[in-house]
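**Student:**
Numbering (the working numbering), first residue to last: 86 to 795.
1) With burial defined as no fewer than 16 other Cβ atoms inside 10 Å of the residue's Cβ, what is the status of residue 72: buried or exposed?
2) Buried or exposed: residue 177, going by 16 or more other Cβ atoms within 10 Å of its Cβ?
3) Once the 5 residues before and after residue 673 are set aside, which same chain residues still bring their CB inside 8 Å of it?
4) For residue 171, count neighbouring C-beta atoms within 10 Å of its own C-beta (all shown protein chains included) and say buried if the count is 16 or more, exposed if not.
5) Hey, how far is the Cα of residue 234 from the Cα of residue 522?
6) Residue 525 to residue 426, Cα distance in whole Å?
7) Where does residue 698 fall in DSSP's three states?
8) Do residue 155 and residue 123 have their CB atoms nearer than 7 Å?
9) In its own chain, which residues sit with a C-beta less than 6 Å from the C-beta of residue 209, not counting the 5 before and 5 after it?
10) Could you tell me which residues DSSP pairs with residue 367 in its beta bridges?
11) From the DSSP output, read off the bridge partner residues of residue 465.
12) Could you tell me the distance, in whole angstroms, from the CA atom of residue 339 to the CA atom of residue 568?
13) Can you tell me whether residue 544 is buried or exposed? The criterion is at least 16 other CB atoms within 10 Å of its CB, across all chains shown.
14) Just how far apart, CA to CA, sit residue 252 and residue 378?
15) Going by alpha carbons, who is nearest to residue 668 out of 770, 288, 693?
16) I'd like to check one pair, residue 485 with residue 736: are the Cβ atoms closer than 7 Å?
17) What's the call for residue 439, buried or exposed, on a 16-neighbour Cβ count within 10 Å?
18) Count the CB pairs spanning the segment 143-150 and the segment 572-584 that are closer than 8 Å, and state whether there are at least three.
19) Classify residue 830 as buried or exposed, calling it buried when 16 or more other Cβ atoms lie within 10 Å of its own Cβ.
20) Enumerate in chain order the residues of its own chain whose CB-to-CB distance from residue 243 is below 6 Å, with the five nearest sequence positions on each side excluded.
21) Under the rule that 16 or more other beta-carbon atoms within 10 Å means buried, what is residue 96, buried or exposed?
22) Considering only the beta carbon of each residue, do residue 587 and residue 150 sit closer than 7 Å?
23) How is residue 827 classed by DSSP in three states: helix, strand or coil?
24) Checking the sheet assignment: what are the DSSP bridge partners for residue 479?
25) In terms of residue numbering, what span does the alpha helix (DSSP H) encompassing residue 109 cover?
26) May I ask you to report which of helix, strand or coil DSSP gives residue 280?
27) Classify residue 227 as buried or exposed, calling it buried when 16 or more other Cβ atoms lie within 10 Å of its own Cβ.
28) Just verifying my parser: in three-state terms, what is the DSSP assignment at residue 341?
29) Can you tell me the Cβ-Cβ gap for residue 286 and residue 487, rounded? I've got them flagged as a contact below 8 Å.
30) Can you have a look at residue 507 and say buried or exposed, based on whether 16 or more other CB atoms are within 10 angstroms of its CB?
31) Can you tell me where the beta strand (DSSP E) holding residue 185 begins and where it ends?
32) Does residue 529 come out as helix, strand or coil in the three-state DSSP assignment?
33) Whether or not the segment 755-764 and the segment 586-605 are in contact is what I'm after, with contact meaning three or more pairs of Cβ atoms, one per stretch, closer than 8 Å; do they touch?
34) In three-state DSSP terms, what is residue 244?
35) Measure from the alpha carbon of residue 744 to the alpha carbon of each residue in 777, 686, 697, then state which is nearest.
36) In this structure, does DSSP put residue 102 in helix, strand or coil?
Written out as structure tokens, the structure reads:
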């Protein structure tokens, strides 16, 4: 419940923004959003009071132009300030994080009548490990074992000079204070293989026992998090933090206000974090290297014989079981003449012979995990007499603990019983390419829905949360989002829809031209698209053409006339940031620019004014057929006598299509055209259902028009 003092301060802050912020005007939808956010977050008790569950949760769809960022920031910051609580704002794109840190939050800091500080939260792996980096430059060193994908993982002693220059440059810059250890602050791109060698994971970190603890950038960043009032994070980091002990990375969720922006991506992020896979050949390699490492630690560090022997013995045992698993997988019914083949386990049923060896593998992996943890404890004890010498071994053991954790997680999900009414786990096998004479196999398992994980990590623990995005409804209903996010059964969740204030009927046109070829006829459709594009881009400086597949995108780029090809920027030819910078630069110089992009350009991309006056949707964005998780989801729905197409496929397309057309109008002054080159949108019953769920464009049907649209 909001107090009169809280309401009064919010009104005062709003008045100060009107007076002091250039160009700021409140909108009805924005004021409505402020009220919803304040009432929801205001349900959380003050810091000294006990939190009462169920949590207060609001799902707020705020159309483009609502001003949702300030709509949630202002009331949330005021409440956090007055109640002595922390505020976490999470997003799924770097673009929104940059907007928050570089524009919206500094503007509020300049105008609000009280002080608050803000920190951008990052995961441990974004920071360098000084002990590893400087140790490589100053002494001979034991490698932390790399990943599972077939790299040379033999533990060796090397100086940084034999590694190449990047580590040396990083070490020198860190040592002289020219770089603070944040990967994102290094002026050049650091290759993943290099960064893996100089950063660390929790299991490989010595914490305060490390000789470089005082200048560790991760722990310095964590201290800043503890002191911050407002923490800006991403969904992956929030979920990772919720898997840890409360307060280890983010504050206690029960005493924290959460705002999840771009919330439509939250369920898929939760599902991805629950995904498990392990390489059979890669696992055998890191186990071999682990055994060598343990033997080296026994001789060099005089570790207890029982500790070392447990690691060596359990390592050999697990390696033998993985060989047996490889033999079982070799005999599976793989497609012929397909190097990268996939076998999906229908209805999640694991064959008996695979389940038997998998069960033994799971138990052996758990025993090895116990042995590794004992070895890590022994190394920590040994570090009291020489932390710098022991640190490389602890880092290597930490990497192995991460590997064995993936193996355990995979087989836990592969062998878990399918309970009635419970959403299943998608399970499949992959056959990779050869590494020399060997063929590698991957075992994969992922839940078809992130909702149960979100319930476990967030909804059962938070005090109050607001989930917001411009696209949370699918075909006019919140049900798909609620089901995917685990909120469908929570009757207390408040649902709010705030339509865009933009004047779509007078500022935007949705063109549905006559298209002869069905998108399933890929070549014919691509040729028709290429033939239509010259007229479609005519009269427009900035055009965004969105494809459902990279294959068709490149094919159309090949087919268009040379003069048009010169104006095209194809996604993948450079980084996304460079692509958008190049596009804007060309428009600023008065040159036409046509962006060819995929799904990632259909959201989180802001191209106002002449940067984009025409959005072309080449094909309705259905999920890629054959993807194991999607196939398992369809299989589960169909087994219950329901229609996966109408329940899942069409609503999901509705969300993606709404995101795509939302690239057109970004300000009240914008105008332009959306053209959809998929005849199904206007000619099928489900297509018309999609059409009705889009903003109220002025709809034009018929042939492509050549004159400029206004």
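Glycine included, every Cβ here is placed at the ideal spot set by N, Cα and C.
**Tutor:** Taking the coordinates as given:
1) Any answer about residue 72 is impossible in this case: the structure gives the chain only from 86 up to 795.
2) Taking the chain shown and counting its residues from 1, the one referred to as residue 177 is at position 92. Buried: at least 16 other Cβ atoms inside 10 Å.
3) Here the question's residue 673 lines up with position 588 in the chain shown. Around residue 673: no qualifying Cβ.
4) Position 86 of the chain shown, counted from the first residue, corresponds to residue 171. Residue 171 comes out buried.
5) Counted from its first residue, the chain shown places residue 234 at position 149. Counted from its first residue, the chain shown places residue 522 at position 437. Only weak support is given to the placement of residue 234: the predicted model assigns it a pLDDT of 48, under 50, and the value that follows is read from those uncertain coordinates. So the two alpha carbons sit approximately 15 Å from each other.
6) In the chain shown, residue 525 corresponds to position 440, counting from 1. In the chain shown, residue 426 corresponds to position 341, counting from 1. Rounded to the nearest angstrom, the two C-alpha atoms are 11 Å apart.
7) Translated into positions along the chain shown, residue 698 becomes position 613. In the structure shown, the three-state DSSP call for residue 698 is coil.
8) Here residue 155 refers to the residue found at position 70 of the chain shown. Here residue 123 refers to the residue found at position 38 of the chain shown. No. Outside cutoff.
9) Within the chain shown, numbered from 1, the residue matching residue 209 stands at position 124. So the list reads 303, once near-sequence residues are dropped.
10) Position 282 of the chain shown holds residue 367. Answer is none; residue 367 lacks a bridge partner.
11) Numbered from 1 along the chain shown, position 380 holds the residue referred to as residue 465. Answer by DSSP bridge pairing: none, since residue 465 is not bridged.
12) Your numbering for residue 339 matches position 254 in the chain shown. Your numbering for residue 568 matches position 483 in the chain shown. Approximately 23 Å between the Cα atoms of the pair.
13) On the chain shown, position 459 is the one that residue 544 refers to. When all chains shown are included, residue 544 counts as buried.
14) By one-based count along the chain shown, residue 252 stands at place 167. By one-based count along the chain shown, residue 378 stands at place 293. Each residue's CA atom was taken as its position, placing residue 252 and residue 378 some 23 Å apart.
15) Taking the chain shown and counting its residues from 1, the one referred to as residue 668 is at position 583. With distances taken between Cα atoms, residue 668 lies closest to 693.
16) Along the chain shown, read from residue 1 onward, the residue named residue 736 stands at position 651. Along the chain shown, read from residue 1 onward, the residue named residue 485 stands at position 400. For residue 736 and residue 485, no; Cβs fall outside 7 Å.
17) The residue labelled residue 439 in the question sits at position 354 within the chain shown. So residue 439 ends up on the buried side.
18) yes
19) The shown model of the chain, from 86 to 795, leaves out residue 830, and the question about it has no answer.
20) In the chain shown, the residue the question calls residue 243 occupies position 158. Residue placement at residue 243 is poorly supported in this model, since its pLDDT is 37, which falls under 50; the coordinates still yield a value, given next. Excluding sequence neighbours, residue 243 sits near nothing in its chain.
21) Counting from one through the chain shown, the residue named residue 96 turns up at place 11. Exposed, by the Cβ-count rule.
22) By one-based count along the chain shown, residue 587 stands at place 502. By one-based count along the chain shown, residue 150 stands at place 65. Yes, these two residues count as a Cβ contact at 7 Å.
23) This structure leaves residue 827 out entirely; the chain is present only between 86 and 795.
24) For the purposes of this step, residue 479 is taken as residue 394 along the chain shown, with counting starting at 1. Answer by DSSP bridge pairing: none, since residue 479 is not bridged.
25) As a working mapping, residue 109 is identified with position 24 in the chain shown. Unbroken run through residue 109: none, as it is neither H nor E.
26) Your numbering for residue 280 matches position 195 in the chain shown. Correct three-state label for residue 280: helix.
27) The residue you call residue 227 lines up with position 142 of the chain shown. Any answer about residue 227 is weak, because its pLDDT of 46 lies below 50 and its placement is not dependable; what the coordinates show is given next. Label assigned to residue 227: buried.
28) Within the chain shown, the letter at position 256 stands for residue 341. It is a strand residue.
29) What you label residue 286 is simply residue 201 of the chain shown in a count that begins at 1. What you label residue 487 is simply residue 402 of the chain shown in a count that begins at 1. With a Cβ gap of about 5 Å, residue 286 and residue 487 count as contacting.
30) Taking the chain shown and counting its residues from 1, one reaches residue 507 at position 422. That one is exposed.
31) Locating residue 185 in the chain shown gives position 100, where the first residue counts as 1. Where residue 185 is concerned, there is no enclosing beta strand (DSSP E), given that its DSSP letter is neither H nor E.
32) Position 444 of the chain shown, counting from 1, holds the residue named residue 529. Of the three classes helix, strand and coil, the one that applies to residue 529 here is strand, per DSSP.
33) Yes, the segment 586-605 is in contact with the segment 755-764.
34) Here the question's residue 244 lines up with position 159 in the chain shown. The predicted model places residue 244 with a pLDDT of 35, which falls under 50 and marks its position as unreliable, so this point remains unresolved.
35) The residue you call residue 744 lines up with position 659 of the chain shown. Looking from the CA of residue 744, the closest CA among 777, 686, 697 belongs to 686.
36) Counted from its first residue, the chain shown places residue 102 at position 17. Here residue 102 sits in helix by DSSP.
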